[in-house]
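Participant: Residue numbers (our numbering), protein chains in the order written: chain Y, 538 to 759; chain B, 30 to 250; chain A, 27 to 307.
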Amino acid sequence: MSYSFDFTGLEQGYDSLLEGLKVTVELTLAANLIGVTLGFVVALLVMSRISLIRTPVMLFIEFFRCTPAIIQIVWFFYCVPIMFDVYLDSVTMGVLALGLNLTAFNAEAYRAAIQSVPKEQHDAGIALGLSPFQRVIYIVLPHALRSALPVLITNGIGIFQQTALVAIVAIQDLMYQGKSLATTTYRPIETFTLIAVIYFAVSFPVAQLVQLIERRREVASR
Amino acid sequence: MTYDFAVVLGYWEALLQGLEVTVELTLLCAALGSALGFVTSLARVSPVRFLRWISTLYVEFFRGTPVLIQLFWFFFCLPIILGSDISNFIAATVTLTLYTGAITSETFRASLKSIRPEEIDACIALGLPRLTQITNIVLPQALLRAIPTLLSNFVSLFKESALVSAVGMADLMFVGQNISSNIAKPVEVLTVVAVIYFVVAFPLTRAVTVIERKMLAKLAI
Amino acid sequence: MNKSMSNLSSAKSFSATDSTNKSPTASTSGQALVKVSNLHKSYSPTIQVLKGLDLTMAAGERLVVIGPSGGGKSTLLRVMMGLEQIDSGSITFAGQPYITANDGKAKTKINLAVRQQIGMVFQHYTLFPHLTILQNLTLAPRKVRGESKASAEARGMALLTRFGLAAKAGAYPNQLSGGQKQRVAIARALMLDPKLMLFDEVTSALDPELVAEVEQVIMSLAEQGMPMMIVTHDMWFAKNIASRVVFCAGGVVVEEGPPDQIFNAPKHERTREFLDRVFHI
Ligand SMILES: Nc1ncnc2c1ncn2[C@@H]1O[C@H](COP(=O)(O)OP(=O)(O)OP(=O)(O)O)[C@@H](O)[C@H]1O
Ligand SMILES: [Mg+2]
Chain Y
538 MSYSFDFTGL EQGYDSLLEG LKVTVELTLA ANLIGVTLGF VVALLVMSRI SLIRTPVMLF
598 IEFFRCTPAI IQIVWFFYCV PIMFDVYLDS VTMGVLALGL NLTAFNAEAY RAAIQSVPKE
658 QHDAGIALGL SPFQRVIYIV LPHALRSALP VLITNGIGIF QQTALVAIVA IQDLMYQGKS
718 LATTTYRPIE TFTLIAVIYF AVSFPVAQLV QLIERRREVA SR
Chain B
30 MTYDFAVVLG YWEALLQGLE VTVELTLLCA ALGSALGFVT SLARVSPVRF LRWISTLYVE
90 FFRGTPVLIQ LFWFFFCLPI ILGSDISNFI AATVTLTLYT GAITSETFRA SLKSIRPEEI
150 DACIALGLPR LTQITNIVLP QALLRAIPTL LSNFVSLFKE SALVSAVGMA DLMFVGQNIS
210 SNIAKPVEVL TVVAVIYFVV AFPLTRAVTV IERKMLAKLA I
Chain A
27 MNKSMSNLSS AKSFSATDST NKSPTASTSG QALVKVSNLH KSYSPTIQVL KGLDLTMAAG
87 ERLVVIGPSG GGKSTLLRVM MGLEQIDSGS ITFAGQPYIT ANDGKAKTKI NLAVRQQIGM
147 VFQHYTLFPH LTILQNLTLA PRKVRGESKA SAEARGMALL TRFGLAAKAG AYPNQLSGGQ
207 KQRVAIARAL MLDPKLMLFD EVTSALDPEL VAEVEQVIMS LAEQGMPMMI VTHDMWFAKN
267 IASRVVFCAG GVVVEEGPPD QIFNAPKHER TREFLDRVFH I
């Protein structure tokens with residue numbers, strides 16, 4: 538291998554990369570905001586006793602979980618404007634696609650967590666005279682949030698990585714900026730390596746955090 | 030606005046060919062990737078520090094970066110490093126194999142860990158040689174327990190494989206996007222493509238649940 | 027049950043299973059079968075478990091080890107099975123050095139040929155869940171001794187028949203009750219014709235109604251003269267099966283003697299306290 542690395546050419550692109558990272562982080566945060574909140578609501582709906590509610594919601598979840606994220610994003614970009622005659626800016630569109638994708642995955646995490654709330658706690662809630670709504674807010678939600686937390690963070694960091702897909706529909710995120718920089722500098726190895734390292738530098742600490750939480754729980758539950 | 034889904038029917042052969050590429054690529058990378066994943070999971074518990082270190086780095090890096098960038102990296106950089114052109118098929122296979130190796134190694138690691146220490150005590154009490162412990166007790170159980178998670182790893186791989194369209198490989202996603210822009214009917218074509226992915230992936234995810242339940246029942250003690 | 031046990035205490039002969047017993051060393055009468063000398067064992071500098079334990083067991087004896095939780099009973103049995111490293115001390119088996127501490131850092135020396143003559147059944151289920159009952163039985167004979175499949179299966183079926191489990195030969199462990207699982211675990215250990223059996227609280231994970239079937243199997247082994255060392259919290263069982271009782275606490279043997287003496291007239295205050303607690307709660 539006679540290739541010699543040269544990162545100096547990339548300096549001109551640092552600003553654009555930083556801009557890109559900002560977009561990536563914004564997309565991630567916005568998608569997570571949707572995913573964490575809407576995911577819980579969807580989880581409650583999919584556990585509904587009324588099949589008219591349950592079935593479509595289930596279909597929504599399964600559809601997002603069982604198709605590639607990239608087609609979801611492309612679909613949003615090309616189809617939503619045609620079907621609903623609305624023209625949103627591309628970042629909003631990206632946030633929606635990623636947010637709904639995350640909602641589906643988080644709903645599953647919440648559902649598993651809600652189902653793990655011990656029956657005794659429900660009984661205790663009833664015995665204390667709490668209304669169904671109060672039981673959800675004061676008993677189910679805190680427990681579900683707590684036990685779903687590691688999966689929610691893992692899914693959230695997964696979405697951070699999936700944001701790279703929006704580069705394909707020309708949103709100027711980190712991936713997009715990186716790709717243009719690679720083309721203008723003719724330095725693809727350095728550029729793509731640098732971008733990969735940036736993504737990694739954000740994901741890895743969060744993944745470690747999840748492990749830490751899980752290990753603590755393991756110790757605590759012993 | 031009315032939609033004309035019938036027009037998509039005219040392209041079923043092209044779509045089928047795309048699906049074939051997707052499925053073949055998935056199967057190839059599933060096979061190569063899980064072999065790699067298995068070896069990696071052993072390396073991660075190896076007594077040799079260097080092996081542990083390098084395998085951990087590999088897994089964490091591939092799990093911690095977008096598959097798209099991995100794909101671009103191999104597609105654009107491998108030719109420079111090798112000094113010769115590589116096809117997008119090679120780049121795709123290498124990327125998805127490494128990706129699958131990283132995620133399945135975690136699956137195998139968990140399944141290796143799930144073997145109860147009491148069983149190893151029993152092996153020693155029965156005087157089983159170390160090699161027999163591994164080939165007859167540890168490996169068969171680890172592989173069996175890994176099956177459901179492996180299957181869902183393969184579903185992830187199947188979905189991630191849609192990215193290879195970004196480097197011009199004619200998979201289902203690529204074919205779908207082409208048709209969609211050629212006939213300017215994105216709603217119909219893209220929806221059909223999504224449904225095709227769904228029709229393959231969804232039954233597999235159900236199978237995971239069923240197999241998991243059976244496996245739990247079988248290997249319960 | 028009591029009647030059958032009364033003639034047990036005089037049982038001296040010993041033949042492990044139906045199969046022949048070739049080792050002359052193990053059955054030499056009069057000589058100690060097991061001699062544990064000044065055994066020290068710690069799991070970490072702060073967790074000292076065995077603190078100079080001495081114990082002698084004659085051939086044909088059935089030693090029952092009782093004592094408070096955390097007193098080191100399981101540790102003693104695990105050391106005897108060669109599952110744990112020791113700090114100092116030694117164990118001989120039928121006059122042969124078996125386990126010796128290597129002073130300094132080197133690992134405990136374990137004579138593997140001797141270890142093969144000892145069988146153990148654990149408190150937790152240890153059957154291999156992916157193997158059928160018969161496969162669980164035949165694995166070790168085939169892999170350790172190179173016995174043929176046909177011969178191992180024939181012996182396995184004979185043992186299962188004796189334990190009333192022949193119908194379960196092709197079943198998997200999860201299809202068995204806890205009591206059945208422990209009986210299979212005993213059969214599995216017997217497949218290697220052990221000269222000594224170790225039982226560590228083999229009934230304590232069982233539902234109460236399943237305890238008797240397992241204890242009966244152990245009793246029937248005792249009737250055949252199998253030397254055994256039993257850790258149990260079931261004092262009724264201890265009384266009935268023991269030829270000698272060892273009270274173990276704080277990592278040493280506090281008191282030992284025939285069951286009558288230990289249960290009815292213990293000499294040590296600690297023994298009395300312990301028995302008071304287990305019998306009067
Ligand atoms: N693997 C281990 N690591 C650290 N400490 C251990 C380990 N195994 C046992 N111990 C500790 O050693 C001590 C003796 O344990 P042991 O299991 O031998 O007691 P025991 O007499 O069998 O008790 P029990 O009647 O509860 O079974 C206990 O304090 C226990 O916590
Ligand atoms: Mg114990």
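Heads up, the beta-carbon is just placed ideally off N, CA and C, and yes, glycines get one too.
(1) Here's the rule I'm using: 16 or more other beta-carbon atoms within 10 Å means buried, otherwise exposed. How should Y/Q658 be labelled?
(2) Ligand 1 and A/I256: does the residue's C-beta get closer than 7 Å to at least one heavy atom of that ligand?
(3) Mind checking the segment 88 to 100 of chain B against chain Y and listing, in chain order, the residues whose C-beta falls within less than 9 Å of any C-beta there?
(4) Among Y/L554, Y/G695, Y/Y647 and Y/L667, which one has its Cα closest to the Cα of Y/L575?
(5) I want to check one thing, is the minimum distance from the CB of A/G98 to the heavy atoms of ligand 1 below 7 Å?
(6) Can you give me the Cβ contacts of Y/R672 inside the same chain, cut-off strictly under 8 Å, excluding the 5 residues immediately before and after it?
(7) Secondary structure at B/M202, three-state DSSP: helix, strand or coil?
(8) Look up A/I212 in the DSSP assignment and say whether it is helix, strand or coil.
(9) Assess contact between the segment 207 to 224 of chain A and the segment 135 to 150 of chain A, defined as three or more Cβ pairs (one per stretch) separated by less than 8 Å. Is contact present?
(10) Cutting at 8 Å between CB atoms, please list the residues of its own chain near B/S113, excluding the five before and the five after it.
(11) Cβ of A/R270 within 8 Å of Cβ of A/G283?
(12) Pair every Cβ in the segment 668 to 682 of chain Y with every Cβ in the segment 586 to 598 of chain Y, then say whether three or more of these pairs are closer than 8 Å.
(13) Taking C-beta pairs closer than 7 Å, name the residues in chain B that A/T152 reaches, listed in chain order.
(14) Just the Cα atoms here: how many angstroms apart are Y/A757 and B/A72?
(15) Could you name the residues of chain A that B/P169 contacts, counting a contact when the two beta carbons are closer than 7 Å?
(16) For B/I240, name the three-state secondary structure that DSSP assigns.
(17) Using a Cβ-Cβ distance cut-off of 8 Å, determine whether B/Q206 contacts chain Y.
(18) With burial defined as no fewer than 16 other Cβ atoms inside 10 Å of the residue's Cβ, what is the status of B/V184: buried or exposed?
(19) Does ligand 1 have a heavy atom nearer than 7 Å to the CB of A/Y69?
(20) When the Cα of Y/G715 is compared with those of B/P95, B/Q162 and B/K188, which residue comes out closest?
(21) So what does A/Q74 bridge to, in DSSP terms?
(22) Which runs of the alpha helix (DSSP H) fall wholly inside the segment 565 to 603 of chain Y and span at least 4 residues, in chain order?
(23) Do you know offhand how far B/Q99's Cα is from Y/I705's?
(24) Do we get a CB-CB distance below 8 Å when we pair A/G205 with the residues of chain B?
(25) Taking three-plus beta-carbon pairs below 8 Å as touching, is the segment 178 to 197 of chain B in contact with the segment 227 to 242 of chain B?
(26) In chain Y, what lies closer than 7 Å to B/K142 by C-beta?
(27) By the criterion of Cβ-Cβ separation under 7 Å, what are the contact partners of A/M146 in chain B?
(28) Note down, one range per segment and in chain order, each beta strand (DSSP E) of at least 3 residues found wholly within the segment 209 to 253 of chain A.
(29) Below 8 Å on C-beta distance, what does A/Q142 contact in chain C?
(30) Should Y/G666 be listed as close to ligand 1, given that the test is whether its C-beta is under 7 Å from any heavy atom?
(31) Could you have a look at A/E282 and say whether DSSP puts it in helix, strand or coil?
(32) Measure the CB-CB distance between B/F222 and B/L201 and report whether it falls below 8 Å.
(33) Residues in the segment 107 to 129 of chain B with C-beta within 7 Å of chain Y's C-beta atoms, listed in sequence order?
(34) Would you mind reading off the limits of the alpha helix (DSSP H) that contains B/F146?
(35) Looking at A/V280 and A/L310, is the spacing between their C-beta atoms short of 8 Å?
(36) If you measure from the beta carbon of A/N137 to each beta carbon in chain B, is any gap under 8 Å?
Facilitator: This is what the structure gives:
(1) exposed
(2) no
(3) E89, F90, R92, G93, T94, P95, V96, L97, I98 and Q99
(4) Y/Y647
(5) yes
(6) H659, G662 and I663
(7) helix
(8) helix
(9) yes
(10) none
(11) yes
(12) no
(13) E147, E148, D150 and A151
(14) 29 Å
(15) H156
(16) helix
(17) yes
(18) buried
(19) yes
(20) B/P95
(21) A/S68
(22) 588 to 602
(23) 15 Å
(24) no
(25) yes
(26) What B/K142 touches in chain Y: nothing, since even the nearest Cβ is about 12 Å away.
(27) A154
(28) 222 to 226
(29) Absent from the structure is chain C; the protein chains it does hold are Y, B and A.
(30) no
(31) strand
(32) Note that residue 222 of chain B is Val in the sequence shown here, rather than Phe. Yes. Within cutoff.
(33) I109 and I110
(34) First, the amino acid is wrong: residue 146 of chain B is Pro here, not Phe. First-last of the alpha helix (DSSP H) with B/P146: P146 to A154.
(35) Look at the range of chain A in this structure, 27 to 307, and you will see that residue 310 of chain A is not part of it.
(36) no
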